[in-house]
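Asker: Sending over a structure as structure tokens; questions will come in a sec.
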Amino acid sequence: MNGELPAAILGNPPGRWAAAVVIALLAALALALLLRFARVRLSGWARETDAALDDGLAAALRATRSWFILSCGVLAGALTLALPARVASTAGRLLVVVLLLQAGLWLHAGIGGWLQGYMDRHRDPARAGAATTTTVLAFVARLLLWSLVVLMLLANAGVDVTALVASLGIGGVAVALAAQNILGDMFASLAIALDQPVVIGDFIVMGDTMGTVERVGLKTTHLRSLSGELVVLANTDLIASRIRNYKRMYERRVVFGFGVAYETGPQQLAAIPETLCAVISREESVRFERAHLSALGASAIEFEAVYYVLDPDFNRFMDIQQRVILGTMAALREAGVGFAYPTRTIHLVQPPQGVA
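If you read the sequence shown in numbering that gives the first Met the number 0, its first letter stands for residue 0, the second for the next number, and so on.
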């Protein structure tokens, strides 16, 4: 009797269990091969198309776990068995847990793959704002996703989710008060993503701080300063500051002033505005506005010219400014006009006789 196989295990004969094991292994193998085929095809389509959705689907399939494939195989084998109600109920609950976790991993990886594909296809600086917004919204979507998965797992375990959410209300207020700075930075990052006062690649100035935006995170924003170091700012400090965004400058207004000596004749003075107009107007990407004798200074007759550089690039502006200054100096020297500089004249008066 001891060497004989039991007549039944959980109400099923050994032969049926053996068939169930074979079916489970074959089903798991078939599912693994099917997922591998789909993953390879989707990865190929993702490389050939400009749609970020293909990247998300391919990333989601790559997130498939082996325990999920084995669970699906076990389910296929279990369908051939007549299990007791209690065992079937427990197995069903475990299967729901597996499905929820795998669905969460699929969606999490899909969001990441879609985001990476979107970023790779929109590296144009003009689309930097969309990239910043997408990054923050993807994090919010993942946070909501796993919150929903946890609630569904608790509900599957028999927990009263409605009562739990209600009880968390008071606790949530306490946590919010304790972590108000962190939450403030998180909401500030969402405001930056939606309102877009700055985006990745913008050159900004805030008081004594200046640099190029490299990253907008949930709590901090990273700037790369002109001298090379990384400047980290809290998001709340960023949106509470007065920001000068030079990346969004369409044209740069330049006021160019200088003074000439008082010995300059009236005809020469009258010709200087026309000279300035000629020097500035020959530059490309420049719009001349005006040139005038603006004031009689303490030691010079002052002139002022205003023009616009139709390019936000600072190096381009400095190149144009340099050529304008050198051209003005050459034109005035050719016209015999000298620049003024501060001087001091001391008059020596002989004191009257008899005064010591």
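A virtual CB, placed ideally from N, CA and C, is assigned to each residue, including glycine.
Going by beta carbon distance, what residues of the same chain come within less than 6 Å of L237, once the five residues before and after it are set aside?
Answerer: The count along the sequence shown starts at 1 and reaches residue 237 at position 238. So the list reads T220, once near-sequence residues are dropped.
Asker: What is the residue span of the alpha helix (DSSP H) that G76 lies within?
Answerer: Counted from its first residue, the sequence shown places residue 76 at position 77. That run of the alpha helix (DSSP H) goes S65 to A77.
Asker: Report the CB separation of I199 from R243 in whole angstroms; it is logged as a contact under 8 Å.
Answerer: Residue 199 sits at position 200 when you count from the first residue of the sequence shown. Residue 243 sits at position 244 when you count from the first residue of the sequence shown. Not really, about 17 Å apart at Cβ, beyond 8 Å.
Asker: Under a Cβ-count criterion, where at least 16 other Cβ atoms within 10 Å of its own Cβ denotes burial, should L60 be classed as buried or exposed?
Answerer: Taking the sequence shown and counting its residues from 1, the one referred to as residue 60 is at position 61. Classification for L60: buried.
Asker: Just to confirm before moving on: does the CB-CB distance between V323 and I279 stay below 7 Å?
Answerer: Position 324 of the sequence shown, counting from 1, holds the residue named residue 323. Position 280 of the sequence shown, counting from 1, holds the residue named residue 279. Their beta carbons are under 7 Å apart, which means V323 touches I279 by this criterion.
Asker: Taking buried to mean at least 16 other C-beta atoms within 10 Å of its own C-beta, is F67 buried or exposed?
Answerer: The residue labelled residue 67 in the question sits at position 68 within the sequence shown. It is buried - the Cβ of F67 has at least 16 other Cβ atoms within 10 Å.
Asker: Does the pairing of the segment 250 to 269 with the segment 301 to 315 give three or more beta-carbon distances under 8 Å?
Answerer: Taking 8 Å as the limit for Cβ pairs, the verdict is that the segment 301 to 315 does touch the segment 250 to 269.
Asker: I want to know whether the segment 261 to 268 touches the segment 329 to 343 - three or more CB-CB distances under 8 Å.
Answerer: The segment 261 to 268 vs the segment 329 to 343: in contact.
Asker: How is D236 classed by DSSP in three states: helix, strand or coil?
Answerer: On the sequence shown, residue 236 is found 237 positions in, with the first residue counted as 1. Helix.
Asker: So, do the segment 150 to 158 and the segment 95 to 111 have three or more beta carbon pairs nearer to each other than 8 Å?
Answerer: Yes: at least three Cβ pairs fall under 8 Å.
Asker: Let's see if you can read the secondary structure: which residues bound the beta strand (DSSP E) around G335?
Answerer: The count along the sequence shown starts at 1 and reaches residue 335 at position 336. First-last for G335: undefined, no H or E at that position.
Asker: Evaluate A81 with the Cβ neighbour count: other Cβ atoms within 10 Å of its Cβ, from every protein chain shown; 16 or more gives buried, anything less gives exposed.
Answerer: Position 82 of the sequence shown, counted from the start, is the residue given in the question as residue 81. Exposed: under 16 other Cβ atoms inside 10 Å.
Asker: Quick one: using the 10 Å Cβ neighbour count with 16 as the cut-off for buried, is Y306 buried or exposed?
Answerer: In the sequence shown, counting from the first residue as 1, residue 306 sits at position 307. Counting Cβ neighbours within 10 Å, Y306 comes out buried, since at least 16 surround it.
Asker: Within the same chain, show all residues whose beta-carbon is closer than 7 Å to that of L74, passing over the 5 residues directly before and after it, in chain order.
Answerer: For the purposes of this step, residue 74 is taken as the residue at position 75 of the sequence shown. Closer than 7 Å at Cβ, skipping near neighbours: L94.
Asker: Which value, in whole angstroms, describes the spacing of the CA atoms of R15 and T79?
Answerer: Here residue 15 is taken as the residue at index 16 of the sequence shown, counted from 1. Here residue 79 is taken as the residue at index 80 of the sequence shown, counted from 1. So the alpha carbons of these two residues sit roughly 8 Å apart.
Asker: Given that a residue counts as buried once 16 or more other Cβ atoms are within 10 Å of its Cβ, and exposed if not, what is I319?
Answerer: Translated into the one-based positions of the sequence shown, residue 319 becomes position 320. Buried, by the Cβ-count rule.
Asker: According to DSSP, is V198 part of a helix, a strand, or is it coil?
Answerer: Here residue 198 refers to the residue found at position 199 of the sequence shown. Correct three-state label for V198: coil.
Asker: Compute the Euclidean distance between the alpha carbons of V336 and I345, then round it to the nearest angstrom.
Answerer: By one-based count along the sequence shown, residue 336 stands at place 337. By one-based count along the sequence shown, residue 345 stands at place 346. Roughly 25 Å separates the two Cα atoms.
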